[in-house]
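Report on the following structure.
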Amino acid sequence: MMALRRQPGAGSMVRALAVGGVLGLFVGTPHAQDEEQFRGRLSVLPVDFATAPTMSGSGEAHATFADGTLVVTGRFEGLSSRATVAHLHRAPPARRGPVAFTLEVTSDVSGVVGGTFELNASETRTLRESGYYVQIHTETNDAGEIRGWLLPRRP
Numbered sequence: 011m012m013a014l015r016r017q018p019g020a021g022s023m024v025r026a027l028a029v030g031g032v033l034g035l036f037v038g039t040p041h042a043q044d045e046e047q048f049r050g051r052l053s054v055l056p057v058d059f060a061t062a063p064t065m066s067g068s069g070e071a072h073a074t075f076a077d078g079t080l081v082v083t084g085r086f087e088g089l090s091s092r093a094t095v096a097h098l099h100r101a102p103p104a105r106r107g108p109v110a111f112t113l114e115v116t117s118d119v120s121g122v123v124g125g126t127f128e129l130n131a132s133e134t135r136t137l138r139e140s141g142y143y144v145q146i147h148t149e150t151n152d153a154g155e156i157r158g159w160l161l162p163r164r165p
């Protein structure tokens, strides 16, 4: 039978690692608990009966908010024509509203959309009240082809 031998100082190293691990549970990453997640499903939402047949496409948007910074990312596909511009608009769900922020967008029928913004207290309240939606405008539908509200993700 083989005997286990302890190395000098091994006990104090094990204790230090154990204490460090326990402290890590309390300290953790400083902003992980403060990070808020939002998600939106991008779909057609015609502004009138005339534009309904000219609209197509779908996608999704994700947003992370921490330390006053909002990061929006998303993807889309199947638009009726090339995307020309994308915005975050301000309005309650199912209502149209003004442009709040301009997003970067792939100029194609499929691609990605995103942007990073510093929010003030009023804008933060609007975000938490589901008051922003992502909208992608196209050559065919310059008033907007697909949109989706950023809704809080529940754990």
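Heads up: the sequence shown is residues 11 to 165, going by our numbering.
All C-beta atoms in this analysis are idealised placements derived from N, C-alpha and C, irrespective of residue type, glycine included.
Whole-angstrom Cβ separation of residue i and residue j, contact assumed at under 8 Å?
i: G84; j: S66; result: Not really, about 17 Å apart at Cβ, beyond 8 Å.
Judging by CA-CA distance, which residue of the options is the nearest neighbour of residue i?
i: G141; options: H147, T116, L98, V115; result: L98
i: D44; options: V54, D77, D58; result: D77
i: V81; options: F59, G107, G121, L137; result: L137
i: N9; options: A110, E149, E114; result: Outside the modelled stretch of the chain, which goes from 11 to 165, sits residue 9, for which no answer is possible.
i: E114; options: E128, G107, I146; result: I146
Run through the DSSP bridge pairs and tell me what residue i is partnered with.
i: E128; result: T79
i: E70; result: R51, R85
So what does DSSP say about residue i, is it helix, strand or coil?
i: P63; result: helix
i: R164; result: coil
i: V57; result: coil
i: E45; result: coil
Hey, which unbroken runs of the beta strand (DSSP E) at 3 residues or more fall wholly within the stretch 80-158?
-> 93-100, 109-115, 121-128, 142-148
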